[in-house]
Amino acid sequence: PLQRALSAAPDQPATAQQRPEQEFFCFVIGSLRLGVPSENVREVTRLTPLTPLPRMPGFVLGVCGYRGEVLPVLDLYRFLGKGETRMLPRTRLFVGITGTFTAAFLADAVIGLRRIPTAEILPPPVGGDSAAEHLLGVVNPASGEHLSLLHFAKLLTVARQRVIAR
Numbered sequence: 007p008l009q010r011a012l013s014a015a016p017d018q019p020a021t022a023q024q025r026p027e028q029e030f031f032c033f034v035i036g037s038l039r040l041g042v043p044s045e046n047v048r049e050v051t052r053l054t055p056l057t058p059l060p061r062m063p064g065f066v067l068g069v070c071g072y073r074g075e076v077l078p079v080l081d082l083y084r085f086l087g088k089g090e091t092r093m094l095p096r097t098r099l100f101v102g103i104t105g106t107f108t109a110a111f112l113a114d115a116v117i118g119l120r121r122i123p124t125a126e127i128l129p130p131p132v133g134g135d136s137a138a139e140h141l142l143g144v145v146n147p148a149s150g151e152h153l154s155l156l157h158f159a160k161l162l163t164v165a166r167q168r169v170i171a172r
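Residue numbers 7 to 172, in our numbering, belong to the letters of the sequence shown in order.
Given below as C-alpha cells:
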C-alpha cells in the first residue's frame, strides 16, 4: 500500500522555488542605508509629537498617536548600537508590522521601494558587529551603494523582549 501511495503522489520539486527578486522599503538612518521587506511596512508619515515613557530602554523614544492607535516609537540606530538618530524637520516615521506587533521607527530619509534581485543579496558578514545578527543580507551593487537588509521579524521580536525584560 505504501508503494502504491508513493507512486500515485504527484512529483514535487526537491527545492522550494526562490523568488527572482524581492521588494524592500529602503531608508537612511545616520550613516546606515537599510532595507526591510516591503510586506512589513504599512505607511510612512511625518514625525508627530512623542510622549516619553518612564523606565523604557533607550531605543524606545516614547509613543505617538497613529490613526487612533498608540504606537511605540523606536530608534533603530540606537537599537543597533550605532548612535542616536537626530529628530529634524525632515525626519519621518515608518510604521512597521510583523504578526500582531506594530511600531513606528525613525528614518532620517526615505529612499523608497526597491526591487532587488535575489542573486544580488549576499549573506550577512560573520562576527564583529552585533548589528549583523539582525541582517538578512547585504547588497553591494557596483555603484558602491551599500544597503543592509534587516530581518525585521527577528529585530522586532528582540526589541519586544528587551522592553518586556525591563
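Heads up, the beta-carbon is just placed ideally off N, CA and C, and yes, glycines get one too. None of the values given here were measured: they were computed from a predicted structure.
Annotation for S154: no alpha helix (DSSP H) segment contains it, though the beta strand (DSSP E) segment containing it runs 153-156. Judged by DSSP in its simplified three-state form, L161 adopts helix.
Looking from the CA of E75, the closest CA among F107, A14, G41 belongs to F107. The Cβ-Cβ distance between F33 and F85 does not fall below 8 Å. DSSP, reduced to helix, strand and coil, places T54 outside both helices and strands of the structure shown, so it counts as coil.
Nearest neighbour of L162 by Cα position, chosen from A109, E126, V132, turns out to be A109.
The beta carbon of T91 sits closer than 6 Å to the beta carbons of I35, D81, Y83, L112 from its chain, once the five residues preceding and following it are set aside; these are given in chain order. Counting only residues of its own chain and dropping the five nearest sequence neighbours on each side, K160 has a CB closer than 7 Å to the CB of H140. One Cα belongs to R48, the other to H152, and the distance between them is close to 24 Å.
Beta bridge pairing from DSSP links A171 with no other residue.
Linking G68 to S154 through their CA atoms gives a straight-line distance of about 26 Å.
For A115, there is no enclosing alpha helix (DSSP H); the enclosing beta strand (DSSP E) has its first and last residue at 115-123. Per the coordinates, the alpha-carbon of V169 lies some 20 Å from the alpha-carbon of A138. For R73, there is no enclosing alpha helix (DSSP H), since its DSSP letter is neither H nor E. For the pair A171 and I103, the Cα-to-Cα distance works out to about 21 Å.
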